[in-house]
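Chemist:
2 protein chains.
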Amino acid sequence: MTIKDIARLSGCGVTTVSRVLNNREDVSEETRRKVMEVVEEHSFMPNSNAKHLKQHASGSIAIIVKGTKNLLFADLLEEVQSLLLEVGQEAAVYYLDEDENEVAYAGRLCRERQPRGFIFLGGDLEQFKAEFAAISVPSVLLTNGAEGLGFENLSSFTTDDERAAERVIDLLADLGHYHIGVLGGNLSDTQISYRRLTGCKKACERRQIPFDMEEQYELCRYSMPDAYEAAKRLLLRRPELTAVFALSDVMALGAIRAFCDMGKRVPEDISVVGYDGIIAGEYSMPRLTTIKQDTKQLAEQGVDTLLRQFVRRGYSVHRFVPFELVSGESVARV
Amino acid sequence: MTIKDIARLSGCGVTTVSRVLNNREDVSEETRRKVMEVVEEHSFMPNSNAKHLKQHASGSIAIIVKGTKNLLFADLLEEVQSLLLEVGQEAAVYYLDEDENEVAYAGRLCRERQPRGFIFLGGDLEQFKAEFAAISVPSVLLTNGAEGLGFENLSSFTTDDERAAERVIDLLADLGHYHIGVLGGNLSDTQISYRRLTGCKKACERRQIPFDMEEQYELCRYSMPDAYEAAKRLLLRRPELTAVFALSDVMALGAIRAFCDMGKRVPEDISVVGYDGIIAGEYSMPRLTTIKQDTKQLAEQGVDTLLRQFVRRGYSVHRFVPFELVSGESVARV
DNA sequence: CTGAAAGCGCTTACAG
DNA sequence: CTGAAAGCGCTTACAG
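Note that the protein sequences, when read in sequence, are chains A and B. Numbering-wise, the first sequence is residues 881 to 1214 according to this note's numbering. Numbering-wise, the second sequence is residues 881 to 1214 according to this note's numbering.
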């Protein structure tokens, strides 16, 4: 069944059928009704391959998730998907390992699949700087800021990571913590861990808390098993730590389990702060003290902006979305 | 850049270019090299819309995830995706609420997007019975069994839910538990909760443990917040319970948090058993005692079978995948 | 081993 | 308001 059949059955030309199917104005009500009747009767759906071949685009938005085990993205993805569904915009999700090059991947997708636009969940600015020029469709980056890059088809929304991290250190300092460890990801200055760590350092300096990168920062991936091992290494190396700031909730959860297996109690013996505000952290034991990123606003503004970019090319915005320091049960006064 | 350009630049016909691009045998080595050179130089990618318009299929596999907050599917999805990536098979993921009709959705996708095949992560047999006939591409259902339905293009792999649930009740009975509550999903006989509950009932009968559906079963969705509320209702109604079997780990995690907030200790005051074996349950406090579904095998056999179905139509298999009762820290002797 | 030509199912100037 | 026709970028008989 093709629009040709529909045309034949409804007694008009294919052009008209196409117009009806695409909700064009310039069709008489009567003709429209006639066509729709036949369409419904056969529950006809236009072939999207043919459609998009002509339109030079696939009609669907590609969502690129960087980091398969990062539950923040799971929460965020859900919000993004439901917003897209509301407006009837199709979306396909592509998962990448956190170390893969998301922009190169998007570039390939562009040539092969021609999506209408991209939503990046997480991203390394390095990659954007180097390869985003090859991408010409509207795009939005969530949880990292791309303002400085100056691409007119790329918007970004993120938490003010530096400020948020400062707040965490301040909280810990206020509670008397002096030996603080940090668990986080890649520190290249194009990654979020770098911005968060910068906040930590500033606050430490301001509060006169010593922070020795080599000794007090432990690198790990965004997954519980990896954070588990990293947290153990960190505490074994620095047994005097009274608090650990994990730059992601998933890491914090792995760390808590690690400390517990080492015979420590959280927060009595060691405090743990997370970052993200994922659902799992609201139901963990102890409940996570963390920086809650506003996934709702991230998703809303991201989707909204992308849709706006579809109609207004060259429009792009970069904004911080508010965060909140949520106090759970994983932090204690020292 | 189209294959026409490649043809011109490499001095041969488009037919030949197409043959090279699709790794056909019948091309001379020299011609192939010449063409590939031009292709690489321009990093040319064939337009998939045009390609699939001809081939009457989209080339990509549609993965339909039923239940956005069910972390089991997150774990499973990751395995499925990485296997698909290994063989270079493109896949698009579509998320549905756990109450939506996944087969109707797949039907629409078929007409619109023409995927090569489907992988369903979770599914209600009811839906399959009613609407799967409309789907003619190879499909695989994971975590539910579709053997009885007799569709020749549908395979299924699942855990022996009934047996596994029996094992859980036996474990609890062995430890002296007599008042056992169950937290689970929709009980229509086409859903997994039904099969798991059937196992519970059988074991309870065998072990002479009373089980009053009205009083001891609490319905909830596959999400921590929902399980949290449901667990509270259950325990308030039946304070004498010494153990709760949550038919999903996500539910178990929500329940543990609920009991704790009610002033109970897990497992000292009340034991909790989960089902699934998700990663988050391995790092929770207490570590979850649960039925570990073999996501690795589920993914491997699922993907393998789907690929096999592509070349051999009418081939379908239905199998149980082994499970394991993993003992964590969430269960105690009464 | 190679290529000219038809056709996949749409959309969109263009002409009426 | 409507329709015949060209064309999107591929694949695939078919003929050589």
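The C-beta atom is built at its ideal place from N, Cα and C for all residues, glycine as well.
1) Starting from R1137(B), find everything on chain A with Cβ-Cβ shorter than 7 Å and list it in chain order.
2) Write down every uninterrupted run of the beta strand (DSSP E) in the stretch 1150-1207 of chain A whose length is 3 residues or greater and which is fully enclosed by it, in chain order.
3) Straight-line CA distance for G1176(A) to N1024(B)?
4) Please classify A1212(B) as buried or exposed, where buried requires at least 16 other C-beta atoms within 10 Å of its C-beta.
5) So which residues of chain B does R988(A) contact, with C-beta pairs closer than 8 Å?
6) Skipping 5 residues on each side, what residues in its chain have a beta carbon closer than 6 Å to that of F1031(B)?
7) In chain order, what residues of the same chain lie with their CB nearer than 7 Å to the CB of K1172(B), ignoring the 5 residues before and after it?
8) Should L1116(B) be labelled buried (16 or more other beta-carbon atoms within 10 Å of its own) or exposed?
9) Quick check on the burial criterion: 16 or more other C-beta atoms within 10 angstroms. Buried or exposed for S908(B)?
10) Return helix, strand or coil for A1053(B), following the three-state DSSP convention.
11) Please specify which runs of the beta strand (DSSP E), each continuous and at least 3 residues long, are wholly inside the stretch 1014-1038 of chain A, giving them in chain order.
12) Classify Q961(B) as buried or exposed, calling it buried when 16 or more other Cβ atoms lie within 10 Å of its own Cβ.
13) Where does P1119(B) land, buried or exposed, given buried means 16+ other C-beta within 10 angstroms?
14) Output yes or no for whether 8 Å exceeds the beta carbon distance between Y1155(A) and D1129(A).
15) At a CB-CB cut-off below 7 Å, which residues of chain A make contact with S928(B)?
16) Could you list which residues in chain A have their beta carbon closer than 8 Å to that of L933(B), in chain order?
17) In three-state DSSP terms, what is I883(A)?
18) Helix, strand or coil for Y1108(A), going by three-state DSSP, please let me know.
19) Using a cut-off of 7 Å between C-beta atoms, extract the partners of E978(A) located in chain B.
20) Within a Cβ cutoff of 8 Å, which residues of the same chain sit near G997(A), ignoring the five residues on either side of it in sequence?
21) What residue does the beta strand (DSSP E) around L901(B) start on, and which one ends it?
22) Am I right that I1049(A) and C1080(A) are in contact with their C-beta atoms under 8 Å? What's the rounded C-beta distance?
23) Name the chain B residues whose beta carbon is nearer than 9 Å to that of I1159(A)?
24) Is the stretch 1067-1082 of chain A close to the stretch 1032-1044 of chain A, with three or more CB pairs under 8 Å?
25) So G1134(A) is in the alpha helix (DSSP H); what residue range does that whole segment cover?
26) Just list the residues that DSSP pairs K931(B) with in beta bridges.
27) Check whether the stretch 942-958 of chain A touches the stretch 979-993 of chain A, taking contact to mean three or more Cβ pairs, one atom from each stretch, closer than 8 Å.
28) Quick one, which of Y1108(A), A971(A), L1121(A) has its alpha-carbon nearest D1092(A)'s?
29) Return no unless some Cβ of chain A is closer than 8 Å to the Cβ of S1128(B).
30) Please check if any C-beta of chain B sits within less than 8 Å of the C-beta of G1056(A).
31) At a Cβ cut of 7 Å, what residues of the stretch 953-976 of chain A count as close to chain B, listed as they run along the chain?
32) For I1060(A), which beta-bridge partners are listed by DSSP?
33) From what residue to what residue does the alpha helix (DSSP H) around K1081(B) run?
34) Taking CB distances under 8 Å as the criterion, tell me whether S938(B) reaches chain A.
35) Using a cut-off of 7 Å between C-beta atoms, extract the partners of C1140(A) located in chain B.
36) Buried or exposed: where does P1166(B) fall if 16 or more other Cβ atoms within 10 Å of its Cβ makes it buried?
Modeler: According to the structure shown:
1) Y1163, M1165
2) 1151-1156, 1169-1173, 1198-1201, 1203-1206
3) Strictly speaking, residue 1176(A) in this sequence is Lys, with Gly absent from that position. Approximately 33 Å, taken between the alpha carbons.
4) buried
5) M925
6) Same-chain partners within the cutoff: F1012.
7) Excluding sequence neighbours, K1172(B) sits near G1157, F1203, E1204, V1206.
8) Classification of L1116(B): exposed, given that the 10 Å Cβ count is below 16.
9) exposed
10) helix
11) 1019-1022
12) buried
13) exposed
14) Yes.
15) E992, R993
16) Against L933(B), the close residues of chain A are N927, N929, A930, L933, in the order they occur along the chain (beta-carbon pairs closer than 8 Å).
17) helix
18) helix
19) Taking the beta carbon of E978(A) as reference, no residue of chain B falls within 7 Å; the closest one sits roughly 12 Å away.
20) I941, A942, V1017, P1018, S1019, V1020, L1186, Q1189, F1190
21) In the DSSP assignment, L901(B) falls outside any beta strand (DSSP E) and lies within the alpha helix (DSSP H) extending over 894-901.
22) 5 Å
23) K949, S1103, M1104, P1105
24) yes
25) 1129-1141 is the extent of the alpha helix (DSSP H) around G1134(A).
26) None, per the DSSP bridge assignment.
27) yes
28) L1121(A)
29) no
30) no
31) Answer set for the stretch 953-976 of chain A: A954, E958, Q961, A972, V973, Y975.
32) A1123(A)
33) 1072-1086
34) Interface residue, yes.
35) M1165
36) buried
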